[in-house]
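Undergrad: Residue numbering for the first sequence follows the working numbering, beginning at 1012 and increasing consecutively.
Positions of the beta carbon are idealized from the N, C-alpha and C atoms, including for glycine.
Computed from a prediction, not measured in an experiment: that's the story for all the values here.
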Amino acid sequence: MPELPEVEIVRRNLTAWVQGRTITNVASSGRHRGVAKASLTSIMGCRIEEVGRLGKYLTLRTGPHVLIIHLGMSGRLLSHDAAAYAAGPHDHVRISTDDGRLIAFQDHRRFGRVFLSPLDLSALPPLGPDPLCTPFTATRLVEILGRRRGVLKSILMNQAVVAGIGNIYACEILWASRLSPFRSVSSLRKGDYLRLVVSLTDVLTRAITAGGSTLDDYRDTDGAMGNFDINFAVYARSGAACPRCDSRIVAQILGGRVTYWCPNCQL
DNA sequence: AGGCGTACCTGAGGGC
DNA sequence: TGCCCTCAGGTACGCC
């Protein structure tokens, strides 16, 4: 699930569920190393003033603190009626609010994180600009990427360079901009940056409009995420025909991650 | 600074 | 049917 578009959809749900509510209780399973169990109790009694997002991080501002949530690989946030709620085995954090609702952070692979930060977000790791919070221009993208050296796809997925892009959308953005994932950043020219900046914004906003992508199609979660899939051009389509040039899509390892691309029309 | 390997986890799915 | 192996949307760490 969770790259920028999926996290943005969760942010919108979460805003509707908890913005303006007061936290009446916080409980954790104690079985998740990414959950800062001890400190979380200090947000009890606080009002959730604003739900934000920076890259793949959700930020819930509550008076003196910001509650940070990262969904990792398998994290979900689900809203329950507190009176009818029964904790599932993977519900690692439960946040109750003053309207009788309960938000469960469910994370079966336990790669997610839940912790507190000061208001300046200094507890977050270094993050580059979020392409939807600060809309990119080609000039801005040159500023951000131009000083970097290395392979284009790895740089795009580096959260300290650009925040929010993971493996799926890196593949899709590079296909849309007709750029090889293996290009060195220093080889990019003006026209390459122009296509890249358009594709970046376009792919991410289309994914949000489509409701995000889910590789597992769970059917009955109560509203955390739809089963909408954007139509991937290349992701998970090795051996299939490229929608643009009809050549075969190839899967190759790059930086330890499977990379899907069309060697014929991505140059 | 970047590349690479490894570690952290569970569950789904393929091969035999 | 069932066991074993591999793999997955992310990040962090240490070493070169």
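Quick one: give me the first and last residue of the alpha helix (DSSP H) that Val1269 is part of.
TA: Residue numbering aside, residue 1269 sits at position 258 when the first sequence is read from its first letter. Element bounds for Val1269: not the alpha helix (DSSP H) but the beta strand (DSSP E), 1268-1272.
Undergrad: Mind checking Thr1150: buried by the 16 CB within 10 Å criterion, or exposed?
TA: Taking the first sequence and counting its residues from 1, one reaches residue 1150 at position 139. The residue in question, Thr1150, is exposed, as its Cβ has fewer than 16 Cβ neighbours within 10 Å.
Undergrad: Can you tell me whether DSSP reads Asp1092 as helix, strand or coil?
TA: The residue labelled residue 1092 in the question sits at position 81 within the first sequence. Note: Asp1092 maps to strand in three-state DSSP.
Undergrad: Between Gly1111 and Asp1092, which are expected to be in contact by the criterion C-beta below 8 Å, what is the C-beta distance as a whole number of angstroms?
TA: In the first sequence, counting from the first residue as 1, residue 1111 sits at position 100. In the first sequence, counting from the first residue as 1, residue 1092 sits at position 81. With a Cβ gap of about 7 Å, Gly1111 and Asp1092 count as contacting.
Undergrad: What separation, rounded to the nearest whole angstrom, lies between the Cα atoms of Ile1034 and Gly1074?
TA: Here residue 1034 refers to the residue found at position 23 of the first sequence. Here residue 1074 refers to the residue found at position 63 of the first sequence. Roughly 11 Å separates the two Cα atoms.
Undergrad: Beta carbon of Leu1082, beta carbon of Val1018: below 8 Å?
TA: Here residue 1082 refers to the residue found at position 71 when the first sequence is read from its first residue. Here residue 1018 refers to the residue found at position 7 when the first sequence is read from its first residue. Yes; because the gap between Cβ atoms is below 8 Å, this pair is in contact.
Undergrad: Closest to Leu1265 by CA distance: which of Val1214, Asp1213, Cys1182 is it?
TA: Here the question's residue 1265 lines up with position 254 in the first sequence. If we check each option's Cα against that of Leu1265, Cys1182 comes out closest.
Undergrad: Using the beta-carbon count (16 or more within 10 Å), is Met1084 buried or exposed?
TA: Here residue 1084 refers to the residue found at position 73 of the first sequence. That one is exposed.
Undergrad: On the DSSP bridge list, what partners appear for Asn1036?
TA: Looking up residue 1036 in the first sequence gives position 25. BP columns for Asn1036 point to Ser1107.
Undergrad: Verify whether the separation of the beta carbon atoms of Ile1080 and Gly1222 is less than 8 Å.
TA: One-based indexing of the first sequence puts residue 1080 at position 69. One-based indexing of the first sequence puts residue 1222 at position 211. Going by C-beta atoms, Ile1080 is not nearer than 8 Å to Gly1222.
Undergrad: Can you grab the Cα-Cα spacing for the pair Pro1192 / Arg1022, in whole Å?
TA: Position 181 of the first sequence, counted from the first residue, corresponds to residue 1192. Position 11 of the first sequence, counted from the first residue, corresponds to residue 1022. About 30 Å.
Undergrad: What's the C-alpha gap between Pro1129 and Thr1216?
TA: Taking the first sequence and counting its residues from 1, one reaches residue 1129 at position 118. Taking the first sequence and counting its residues from 1, one reaches residue 1216 at position 205. Looking at the two C-alpha atoms, the distance is approximately 30 Å.
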